[in-house]
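Data first, discussion second: the structure below is written as structure tokens.
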Amino acid sequence: MVTVPAAVSAVLGVYVAFIAVVFGAKVPLPEAKHDQERI
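Here it is, written out as structure tokens:
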């Protein structure tokens with residue numbers, strides 16, 4: 710049986726990682742594409 714604090718920390722860890730991946734994938738890439746188009 711998983712304790713509540715362990716479950717909460719696991720969910721938060723996955724959530725933070727998911728947000729980091731989403732922002733990492735959607736934010737820098739469009740900027741990089743625009744930079745390449747300008748050149």
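Heads up: the sequence shown is residues 710 to 748, going by the numbering used here. We put the CB at the ideal spot given by N, CA and C, even for glycine. Remember, it's a predicted structure, so these values are computed and weren't measured experimentally.
Asked, Found
"From G722 to P714, what distance separates their C-alpha atoms?", "12 Å"
"According to DSSP, is V711 helix, strand or coil?", "coil"
"Cα separation between G733 and A719?", "21 Å"
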